[in-house]
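Report on one structure; see the data block that follows.
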Amino acid sequence: MLWLIRHALCDLYPSTDELPGIEQASLDEFLRRFRRETNRATWAGVVLGAWAYTAAPILTVGMPAPSFLLSRRLRELHAERMGSAPFYVVRQLTFVLKMVAGLCWGADPEVRARMNLPPLPGDPGTWRTE
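Here the numbering used here is used: the first residue of the sequence shown is 14, the next is one more, and so on.
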């Protein structure tokens, strides 16, 4: 399941000339930790969002294929259209993916350096739920 989520997040936060993409952050480590530490409802939203993102190209770009089989150009168009879909639930599922991706991407030291921000301190591990 993590590979499907990873694929969707990499499409939503690609590299640009100015900024590294989420694939250059510690995404795999982040996803494993996020899965361990988040509540079930949030994780279910991420999983459902990844499934919806993967299955929706037939609706967004007219291609009957999962998103990971699309060309780069069609993946970019698909990602854009998922975030601006006319259906609220589709936009919200995409928002959940973007929110989780943003937690990882925004904490990356290289991204922060490019934005002239200091690196975040390490996680003190002082607040956890059982």
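Don't be surprised by glycine CBs; every beta carbon is placed ideally from N, CA and C. As the structure is a computational prediction, the values presented were derived from the model and not from experiment.
> CB Val113 to CB Val59, shorter than 7 Å?
Replying inline: Taking the sequence shown and counting its residues from 1, one reaches residue 113 at position 100. Taking the sequence shown and counting its residues from 1, one reaches residue 59 at position 46. It is a contact, given that the beta carbons lie within the stated cut-off.
> With 16 other CB atoms within 10 Å as the buried threshold, where does Ile18 fall?
Replying inline: The count along the sequence shown starts at 1 and reaches residue 18 at position 5. By the neighbour-count definition (other C-beta atoms within 10 Å, threshold 16), Ile18 is a buried residue.
>> By the three-class DSSP mapping on this structure, what secondary structure does Leu15 have?
In response: Translated into positions along the sequence shown, residue 15 becomes position 2. Here DSSP, grouped into helix, strand and coil, assigns Leu15 to helix.
> Got a sec, what are the start and stop residues for the alpha helix (DSSP H) Phe43 sits in?
Replying inline: Numbered from its first residue, the sequence shown carries residue 43 at position 30. It spans Leu40 to Glu50 - the alpha helix (DSSP H) in which Phe43 sits, taken as one unbroken run.
>> I'd like to know whether the C-beta atoms of Thr107 and Gly96 end up nearer to each other than 7 Å.
In response: For the purposes of this step, residue 107 is taken as residue 94 along the sequence shown, with counting starting at 1. For the purposes of this step, residue 96 is taken as residue 83 along the sequence shown, with counting starting at 1. Yes, the Cβ-Cβ distance between Thr107 and Gly96 is below 7 Å.
> Where does Thr29 land, buried or exposed, given buried means 16+ other C-beta within 10 angstroms?
Replying inline: Along the sequence shown, read from residue 1 onward, the residue named residue 29 stands at position 16. With fewer than 16 Cβ atoms within 10 Å of its Cβ, Thr29 is classed as exposed.
>> My assumption, with CB atoms under 8 Å, is that Leu110 sits in contact with Ala63. Please give the rounded CB distance.
In response: Sequence index remark: in the sequence shown, residue 110 carries index 97 (1-based). Sequence index remark: in the sequence shown, residue 63 carries index 50 (1-based). For Leu110 against Ala63, the beta-carbon gap comes to about 7 Å, under 8 Å, which counts as contact.
>> Buried or exposed for Thr139, going by 16 or more other Cβ atoms inside 10 Å?
In response: Indexing the sequence shown from 1 puts residue 139 at position 126. Exposed: under 16 other Cβ atoms inside 10 Å.
> Do you know whose CA, among Leu90, Glu123 and Phe47, lies nearest Asp136's CA?
Replying inline: On the sequence shown, position 123 is the one that residue 136 refers to. The shortest C-alpha to C-alpha distance from Asp136 to any of Leu90, Glu123 and Phe47 is the one to Phe47.
> Just to confirm, are Ala78 and Pro70 a CB contact at a threshold of 7 Å?
Replying inline: Position 65 of the sequence shown, counted from the first residue, corresponds to residue 78. Position 57 of the sequence shown, counted from the first residue, corresponds to residue 70. Contact flag set, yes.
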